[in-house]
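> One structure is given below, represented as structure tokens, and several questions about it will come after.
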Amino acid sequence: MSTLIEINDGLCSFDEDNSRVPDAIERIEESTVTYDDFFSKYLICNKPCVVNFRATDNWPCRREWVSNGAPNFEVLRALFGHTVVPVADCNRKFYNSQFKDDMPMESYLEYWIDYKRNNYAKSMPLLYLKDWHCVKSFPEIPIYEVPRYFVSDWLNEYYIAHPELNDDYMFIYMGPKETWTPLHADVFTSYSWSANIVGRKRWLLFPPHEEDHLRDLYGQLAYDAVSEDLNDRTKYKTYDSEKLKCFDITQEAGEIIFVPSGWHHQVWNLEDTISINHNWINGCNIGNVWSALKKELRSVMKEVDDCKDMKNWNKHCQLMLKASYGMDYKQFLEFISFIAKNRLHAMLKKNQVISFRKYCFGYNHCLFDLRALKNILEDIITDAQDLSVYNLMCENDEARLLLKTVTSYLESACNIENVTSSMIAQSKI
1 MSTLIEINDG
11 LCSFDEDNSR
21 VPDAIERIEE
31 STVTYDDFFS
41 KYLICNKPCV
51 VNFRATDNWP
61 CRREWVSNGA
71 PNFEVLRALF
81 GHTVVPVADC
91 NRKFYNSQFK
101 DDMPMESYLE
111 YWIDYKRNNY
121 AKSMPLLYLK
131 DWHCVKSFPE
141 IPIYEVPRYF
151 VSDWLNEYYI
161 AHPELNDDYM
171 FIYMGPKETW
181 TPLHADVFTS
191 YSWSANIVGR
201 KRWLLFPPHE
211 EDHLRDLYGQ
221 LAYDAVSEDL
231 NDRTKYKTYD
241 SEKLKCFDIT
251 QEAGEIIFVP
261 SGWHHQVWNL
271 EDTISINHNW
281 INGCNIGNVW
291 SALKKELRSV
301 MKEVDDCKDM
311 KNWNKHCQLM
321 LKASYGMDYK
331 QFLEFISFIA
341 KNRLHAMLKK
351 NQVISFRKYC
361 FGYNHCLFDL
371 RALKNILEDI
381 ITDAQDLSVY
391 NLMCENDEAR
401 LLLKTVTSYL
411 ESACNIENVT
421 SSMIAQSKI
């Protein structure tokens, strides 16, 4: 039987004012903060937090992948030794990331054991297993359950329902002490959550726009947020370590950190660590995602403006957008259309939208999602028309037709609510 996930009806009025930066990052107890509270206080407000270890207590991986407070290499080898995994070399910079290659899991575990045996010698490579789609590759192995706070996950809802795309945004990271991830914001300006199965991490979190002080003269983001290079005022003119807003957080074993949309971050493993990470999008941050996509397209168009007279210039810009951002306008429309149709079907047919096989969304939640989607559909239609890409995005006017259907449903729902409220008010007279 599925668990109902619902929000207060007062949240159904969509509010995009999520710019206030907290004074500190709160640590919360999973047992005392309701889904509705988390939704309003952290998701809508785009505010980070750390969820205590009890949220992960019953995960199979926390029992089976850990031995005496460290990774259980024998269990990992038995489960996954035959697979190939993506591994980054933390000592080799590749553009503004780290050089990555594939490696047999068994070889990676042998490296890790040897590295640990040699007391993490600086002469050895510093290798970090990253962005491994373990759940997609091993769906039959029980590993974890998505915590209730994070189940409104449009991104993975979309990819799980489209296996032909052969993708998802559910990852496992594992690596020895001192492995790290350079400064970045998450894909699509999405949210992310990261749970430590074993080990500890240090996080530097930068609120939106603080990263602008970490850019050089050419607008290039710093690779390492604690590098001495940042003190070179001829290269980083606006960097000032004393004025820079930043949160320095230590995440313990079992804890989950919630990273809001558009917050840049840099992460180090303080011990041998395994973590589970999801990127996700929902009705609270879809506006940020859409704004980032619009900004990226304009950047692409500006970059190739001198070729504007070429045939199919707009189509080439969409191809470049997909290559740089990971999604173009057409796929973005397909993505939000899928979610909108799921919510409409649930409301009109009285069916449930099931998330991660366990949770279903209530009436207010679906209504909130549809209102958020209506806002985006209106803007994407206007923007696509202004940039002459509407026909590339949808050949049969799908966007306008969907907007009409969503608007019609929301108006009817509003009328029903008004009538119901009036009847309740009259009954109290």
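The numbers in the UniProt record's numbering rise by one with no breaks, and the one at position 266 of the sequence shown is 266.
Ideal placement from N, C-alpha and C gives every residue a C-beta, glycine not left out.
1. My parser needs the alpha helix (DSSP H) runs of 4 or more residues fully inside the region 347 to 427; what are they?
2. How should Y95 be labelled, buried or exposed, when 16 other C-beta atoms within 10 angstroms of its C-beta is the threshold for buried?
3. Can you tell me whether C414 is buried or exposed? The criterion is at least 16 other CB atoms within 10 Å of its CB, across all chains shown.
4. Kindly identify the DSSP beta-bridge partner or partners of Y111.
5. Rounded to whole angstroms, what's the CA-CA distance from F14 to F368? Just pull it up for me.
6. Return helix, strand or coil for I429, following the three-state DSSP convention.
7. Rounded to whole angstroms, what is the Cα-Cα separation between W203 and K41?
8. The alpha helix (DSSP H) that contains I25, what's its start and end?
9. Taking DSSP as the reference, what is the three-state secondary structure of A55?
10. Please state the DSSP three-state secondary structure of T179.
11. Starting from S192, follow its DSSP beta bridges and name the residues at the other end.
12. Roughly how many whole angstroms lie between the Cα atoms of I424 and D9?
13. In the DSSP assignment, what are the bridge partners of F94?
14. So the candidates are F150, Y218, N269; which of them puts its Cα closest to the Cα of L127?
15. Taking 8 Å as the cut-off, does the region 105 to 120 touch the region 142 to 159 (at least 3 CB pairs, one atom from each stretch)?
16. Within the same chain, show all residues whose beta-carbon is closer than 6 Å to that of E29, passing over the 5 residues directly before and after it, in chain order.
17. Looking only at DSSP bridge pairs, what is F39 linked to?
18. So what's S13 in DSSP terms, helix, strand or just coil?
19. Report all residues from its chain with a CB closer than 6 Å to the CB of V289; omit the five preceding and five following residues, and keep chain order.
20. Between M105, F73, C61, V66, which has its C-alpha nearest H82's C-alpha?
21. What do you get for residue 486, buried or exposed, if any count of 16 or more other CB atoms within 10 angstroms of its CB means buried?
22. Residues in its own chain within less than 7 Å of M301 by CB, not counting five upstream and five downstream?
23. C394 to D186, Cα distance in whole Å?
24. For the beta strand (DSSP E) that H265 lies in, which residues bound it at each end?
25. For E210, which residues of its own chain have a beta-carbon under 8 Å away from its beta-carbon, when the five flanking residues on both sides are left out?
26. Quick check: P48 and V304, are their CB atoms within less than 8 Å of each other?
27. Taking Cβ to Cβ, would you say I257 is nearer than 8 Å to S194?
28. Could you spell out the range, first to last residue, of the beta strand (DSSP E) harbouring K47?
29. Report the rounded CA-to-CA distance for E64 versus D379, giving the unit in angstroms.
30. How should E164 be labelled, buried or exposed, when 16 other C-beta atoms within 10 angstroms of its C-beta is the threshold for buried?
31. Helix, strand or coil for L79, going by three-state DSSP, please let me know.
32. For the pair the region 309 to 328 and the region 357 to 371, tell me if three or more CB-CB distances fall below 8 Å.
33. If you draw a straight line from the C-alpha of E74 to the C-alpha of K177, how long is it?
34. Whose CA, out of I197, L183, R200, G199, lies closest to the CA of D212?
Reading from the atomic positions:
1. 363 to 386, 390 to 393, 398 to 427
2. exposed
3. exposed
4. Per DSSP, none; premise fails for Y111.
5. Residue confidence for F14 is low, a pLDDT of 45 falling below 50, so the modelled location carries little weight and cannot support an answer.
6. The predicted model places I429 with a pLDDT of 49, which falls under 50 and marks its position as unreliable, so this point remains unresolved.
7. 21 Å
8. Element bounds for I25: n/a, residue is neither H nor E.
9. helix
10. coil
11. V259, N279
12. Reliability of the predicted coordinates at I424 is poor, the pLDDT of 44 falling under 50, and the value obtained from them is presented with this limitation in mind. Approximately 16 Å, taken between the alpha carbons.
13. S97
14. N269
15. no
16. N52
17. Paired residues: none, contrary to the question.
18. Below a pLDDT of 50, predicted positions are generally treated as unreliable, and S13, at 48, falls in that range; the measurement from the model is reported next regardless. Three-state DSSP puts S13 in coil, outside helix and strand.
19. F188, T189, I281
20. M105
21. As shown, the chain starts at 1 and ends at 429. That puts residue 486 outside it, with no answer to give.
22. C317
23. 27 Å
24. 264 to 269
25. L244, K245, C246, H264
26. no
27. yes
28. Here K47 belongs to no beta strand (DSSP E), and DSSP marks it neither H nor E.
29. 48 Å
30. exposed
31. helix
32. no
33. 19 Å
34. L183
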